[in-house]
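Here the structure comes first, spelled out in structure tokens, and everything after it is commentary.
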Amino acid sequence: MGSEEESAVKEPLDLIRLSLDERIYVKLRHDRELRGRLHVCLSLSLSSYYYCHMCIDLALNDSNLSNIRDAVDGGWYAGAYDQHLNMILGDVEEIVTTVEIDDETYEEIVRTTRRTVPFLFVRGDGVILVSPPLRTA
25 MGSEEESAVK
35 EPLDLIRLSL
45 DERIYVKLRH
55 DRELRGRLHV
65 CLSLSLSSYY
75 YCHMCIDLAL
85 NDSNLSNIRD
95 AVDGGWYAGA
105 YDQHLNMILG
115 DVEEIVTTVE
125 IDDETYEEIV
135 RTTRRTVPFL
145 FVRGDGVILV
155 SPPLRTA
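What follows is the structure in structure tokens.
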């Protein structure tokens with residue numbers, strides 16, 4: 025029964041929690057898209073307080089957290105995301121779409137620029153949509 029409760033989706037952020045260490049799609053403002061692996065702290069050991077430095081930095085920058093213990097109690101030990109949709113992605117492909125108007129023909133010129141980044145901090149206020157990986161039964 026514990027397994028069913030852990031995999032249940034009761035609120036929207038549960039979809040993100042269930043997508044830890046999975047590739048997700050993130051749509052951002054200003055025609056930006058990201059595809060990357062939602063970071064999970066594989067180096068966690070609760071008894072030794074050895075935490076991923078990226079998650080610690082992200083957690084301690086959250087105004088609601090004051091110390092490492094709050095970060096652990098708040099769930100930061102599992103993965104790098106919060107209720108504001110700040111998150112850390114790994115193996116990221118970023119796609120930026122720009123649209124320009126040709127001055128002579130007034131046609132739209134659509135350009136896409138792609139880049140890959142090993143790790144990327146995504147600020148939650150720019151997030152429009154987060155899509156978990158496709159799950160097959």
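First residue of the sequence shown? That's 25 in my numbering, and the numbers climb one at a time after it. Even glycine gets a Cβ: it sits at the ideal position worked out from N, Cα and C.
DSSP beta-bridge partners of residue i
i    : result
G114 : R61 and F143
G51  : Contrary to the premise, residue 51 reads as Lys rather than Gly in this sequence. In the DSSP output, where bridge partners are listed per residue, K51 has E57 and L153.
V123 : V134
For residue i, the nearest candidate out of the options (CA to CA)
i    : options                 : result
D115 : A32, F145 and V151      : F145
T140 : I40, E57, L42 and L44   : E57
L37  : E124, D106 and Y130     : D106
E108 : D45, V64 and L153       : The question names Glu, yet the displayed sequence has His at residue 108. The shortest C-alpha separation from H108 is found at L153.
Y49  : E117, R41, E128 and L42 : E117
T122 : E46, I40, D55 and R41   : D55
R147 : E128, D126 and L113     : L113
Whole-angstrom C-beta distance between residue j and residue i, which should lie under 8 Å
i    : j    : result
L44  : V151 : That belief does not hold up - the Cβ atoms of L44 and V151 are roughly 17 Å apart, past 8 Å.
L42  : M111 : Not a contact, Cβ separation roughly 14 Å.
P157 : R59  : At roughly 10 Å, the Cβ-Cβ gap does not stay under 8 Å, so P157 and R59 are not in contact.
- Inter-stretch contact at 8 Å, needing at least 3 Cβ pairs: the segment 119-135 / the segment 31-38: no
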